[in-house]
Amino acid sequence: GQQLNQSPQSMFIQEGEDVSMNCTSSSIFNTWLWYKQEPGEGPVLLIALYKAGELTSNGRLTAQFGITRKDSFLNISASIPSDVGIYFCAGRRTSYGKLTFGQGTILTVHP
Amino acid sequence: GAVVSQHPSRVICKSGTSVKIECRSLDFQATTMFWYRQFPKQSLMLMATSNEGSKATYEQGVEKDKFLINHASLTLSTLTVTSAHPEDSSFYICSARGNATASGYTFGSGTRLTVV
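Keeping their order, the protein sequence lines are chains X and G.
Sequence positions in the first sequence follow our numbering and run 96 to 206.
Sequence positions in the second sequence follow our numbering and run 19 to 134.
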């Protein structure tokens, strides 16, 4: 099935650095979601975005819903070791429709 | 908050046998449940969408006779992998939404299936 284009595929950073990842799509979504998945677990919702241009924060995480409704980014500031995991973007075309996932960004944080 | 319980967390079965995975919404009624499959270091691929009381809708390429989905109540959906083969070994994850949930859906903790 269709996937969103998520980049980068992986990141290796030092503790304290900021991180940025993004997702793009050729089609419009009305909701963008960002999830974090740790090994052997299901994804956990980090941030949900519902309107074009919306900028939302959750602690050290900030995400934006692109104006064109075809992209979104997630920033993590002042990374810490527990930020390690796989981050997925997901888009949804209707309020109760199925999710389309990006390929994921594997984040490694060195102490 | 919304909690989804998935069981078992891991299972090993012999080739040719069937395995049932349960997904329960603990504190809300799940009108719709989604079943995903995830291979190592890959994204989640939607297998099927099930609505309570009706037949599941399968994604293209997913064999409905091999992956049986039942959503008989508003709090329970099951995925049965029939006649399992080693290539069915994967991480299976469910997610659920209720009528009041227009936000991100809640995911279960996943089931690691190994077919030997």
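C-beta: ideal position from N, C-alpha, C; glycine also.
If you're wondering where the values come from, they're calculated on a predicted model, not measured in any experiment.
Contact check for Ala90/G and Ala48/G: beta-carbon distance about 12 Å, past the 8 Å limit, so the pair fails to qualify. Near chain X, meaning a CB-to-CB distance below 9 Å, the residues of the region 104-118 of chain G are Phe109, Ile111, Cys112, Ser113, Arg115, Asn117.
Around the beta carbon of Thr50/G, 16 or more other beta carbons lie within 10 angstroms, which makes this residue buried.
The way I'd put it, the region 130-144 of chain X doesn't touch the region 97-113 of chain X; fewer than three beta-carbon pairs between them come closer than 8 Å. Around Gly148/X, the same chain offers Phe160, Ile162 as residues with beta carbons nearer than 7 Å, after the five sequence neighbours per side are excluded. Contact of Pro176/X with chain G by beta-carbon distance below 8 Å is absent, the smallest such distance being about 20 Å. Boundaries of the beta strand (DSSP E) around Asn117/X: 114-119. Nearest C-alpha to Val114/X among Phe196/X, Ala158/X, Tyr191/X: Ala158/X. Contact between Leu99/X and Thr195/X holds: their C-beta atoms lie close to 6 Å from each other, under 8 Å. Glu105/G carries a helical assignment under DSSP once its states are collapsed to helix, strand and coil. With a threshold of 8 Å between beta carbons, Leu86/G makes no contact with chain X. Remark: C-beta atoms of Pro104/G and Val80/G do not approach each other more closely than 8 Å.
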